[in-house]
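Enquirer: For the record, the sequence lines run as chains A and B.
According to this note's numbering, the residues represented by the first sequence are 7 to 121, in order.
According to this note's numbering, the residues represented by the second sequence are 3 to 114, in order.
Using N, Cα and C, we set each Cβ at its ideal position, and we do this for glycine too.
Provided herewith is a single structure, encoded as C-alpha cells, for subsequent inquiry.
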Amino acid sequence: GAGVSQSPSNKVTEKGKDVELRCDPISGHTALYWYRQSLGQGLEFLIYFQGNSAPDKSGLPSDRFSAERTGGSVSTLTIQRTQQEDSAVYLCASSPDRGRNQPQHFGDGTRLSIL
Amino acid sequence: GENVEQHPSTLSVQEGDSAVIKCTYSDSASNYFPWYKQELGKRPQLIIDIRSNVGEKKDQRIAVTLNKTAKHFSLHITETQPEDSAVYFCAASGGSNYKLTFGKGTLLTVNP
Chain A
7 GAGVSQSPSN KVTEKGKDVE LRCDPISGHT ALYWYRQSLG QGLEFLIYFQ GNSAPDKSGL
67 PSDRFSAERT GGSVSTLTIQ RTQQEDSAVY LCASSPDRGR NQPQHFGDGT RLSIL
Chain B
3 GENVEQHPST LSVQEGDSAV IKCTYSDSAS NYFPWYKQEL GKRPQLIIDI RSNVGEKKDQ
63 RIAVTLNKTA KHFSLHITET QPEDSAVYFC AASGGSNYKL TFGKGTLLTV NP
C-alpha cells in the first residue's frame, strides 16, 4: 500500500509568515509522529498522536508550533511567525498498533526554508 | 530523558570490507533499538531493529548486537557495496517513552 505522504515537499517563505505542513499516514496506522531534522543533524522529536488520546507535545520547541490530527488520520503541523532557525526538514512517521516499540515508517519530509 | 550517542560520525571503507557503527544509550528502561538508513534527500528507511529480549539479530549482510548491561548496541554491515553509502542513524525508545531518540548519524562511504 501507499507509504506516508507529506506535502508540500518544499516550502520557502519569509520570516514572520505562518506555514502549514501536512502528513497523511499509512492507512490503518494509529500512531503518528512529527520529527525535525536540521542540516547534518539527527532527528528531533516534536509531537506524537495515538488514536483519540491527548497528544504528547513535549518536543515542540516553542508555542509557535502546534499540530492537530483530524479523524485519527491526516495531521497538520503549523508554525506561526516563522523564524530562520525553523529552517529544517520536517518528517512525519506513522506506526501500527499502539505505537510503543513498533517500527516507525517515515515520509519524504517537507523541506522548509525561511528567508 | 534518553540520550543516544553514535560513533563514528564518518566512516569510509573499501568495497567488500565490513563496517561497524556503535551507539550508547542512557535510559536503562529503553527496550527497542531501530537502525535507519538515509540516502541524500531521501526519507529515513528502517533497515533492522532489535528488542531488548534479544542479543543479536541478523538480516543478510546486516546484523545488530545489543548489550543491555553496558547499554550499547552496534550495527554491522559485511561485504559492503557502494550502494550501502548513506547516513545511518541509531535510535532508542521504550519504558515510558514511545518516541524515538536518535543518534546524530554516521556518514558511511563505501569506495569502489
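#1: What does a CB cutoff of less than 8 Å around A/D24 pick up in its chain, not counting 5 residues either side in sequence?
#2: Output needed for B/E17: all residues of its chain with C-beta closer than 7 Å, excluding positions within five of it in sequence on either side, in chain order.
#3: Quick one: measure Cβ to Cβ for B/L68 and B/G57, integer angstroms, because I've assumed they're closer than 8 Å.
#4: Counting only Cβ pairs nearer than 7 Å, list the residues of chain A close to B/G105.
#5: Check each candidate in B/H9, B/G43, B/V15, B/S87 and name the one with the smallest Cα separation from B/Y27.
#6: Given A/T19, which residues of its chain have a CB within under 8 Å of its CB, disregarding the five upstream and five downstream residues?
#7: Using a C-beta to C-beta distance shorter than 9 Å, which residues of chain A count as neighbours of B/N33?
#8: What residues of chain B sit near A/F51, judged by a beta carbon separation below 8 Å?
#9: Residues of chain A with CB closer than 8 Å to the CB of B/L68, please, in chain order.
#10: For B/P10, which residues in chain A fall below 8 Å Cβ to Cβ?
#11: Could you check which residue in A/P31, A/L52, A/S15, A/K21 has the C-alpha nearest to that of A/A8?
#12: Would you say A/F112 faces chain B, with C-beta separation under 8 Å as the test?
#13: Please report whether the beta-carbon of A/Y39 lies at a distance below 8 Å from any beta-carbon of chain B.
#14: Does the beta-carbon of A/Q86, which I'm using as the reference point, lie nearer than 7 Å to any heavy atom of the ligand GTP?
#15: If the criterion is Cβ atoms closer than 8 Å, does the pair A/L66 and A/L52 meet it?
#16: Since B/G96 is in the beta strand (DSSP E), which residue starts that stretch and which ends it?
#17: Taking the C-alpha atoms as reference points, what is the distance between A/V95 and B/H78?
#18: Could I get the ranges of all uninterrupted beta strand (DSSP E) runs contained in the region 26 to 53 of chain B, with 3 residues as the minimum, in chain order?
#19: May I ask which residues mark the beginning and end of the beta strand (DSSP E) holding A/Q43?
#20: What is the DSSP secondary structure of A/E20, reduced to helix, strand or coil?
#21: Would you please verify whether the beta carbon of B/L48 is less than 8 Å from any beta carbon of chain A?
Expert: According to the structure shown:
#1: Result list for A/D24: T84, I85, Q86, R87, T88, in chain order.
#2: Counting only Cβ-Cβ distances below 7 Å, and skipping sequence neighbours, we find T82, Q83, P84, V112, N113, P114.
#3: Correct: roughly 6 Å between the Cβ atoms.
#4: Chain A residues near B/G105: G48.
#5: For B/Y27, the nearest C-alpha among the options comes from B/H9.
#6: Taking C-beta separations shorter than 8 Å and ignoring five residues to either side along the sequence, the partners of A/T19 in its chain run V25, T88, L118, S119, I120, L121, following chain order.
#7: Against chain A, a Cβ distance below 9 Å from B/N33 picks out N107.
#8: Around A/F51, the beta-carbon contacts reaching into chain B at under 8 Å are K101, L102, T103.
#9: Near B/L68 there are no residues of chain A at all, since even the closest Cβ is about 14 Å away, more than 8 Å.
#10: Within chain A, no residue has its beta carbon less than 8 Å from that of B/P10; the closest one is some 14 Å off.
#11: If we check each option's Cα against that of A/A8, A/P31 comes out closest.
#12: Under the 8 Å criterion on CB atoms, A/F112 is classed as interfacial with respect to chain B.
#13: Residue-level contact check: A/Y39 touches chain B, since one or more beta carbons of chain B fall below 8 Å from its beta carbon.
#14: Judged by which ligands are present, the structure shown has none, so any question about the ligand GTP falls away.
#15: Taking the C-beta atoms as reference points, A/L52 is found nearer than 8 Å to A/L66.
#16: Start and end: 88 to 96.
#17: Their Cα atoms are separated by approximately 28 Å.
#18: As far as the region 26 to 53 of chain B is concerned, its whole beta strand (DSSP E) runs of at least 3 residues are 34 to 40, 47 to 53.
#19: For A/Q43, the enclosing beta strand (DSSP E) has its first and last residue at 37 to 43.
#20: Look at A/E20 here: in three-state DSSP terms it is coil, with no helix or strand label.
#21: It does; some Cβ of chain A falls within 8 Å.
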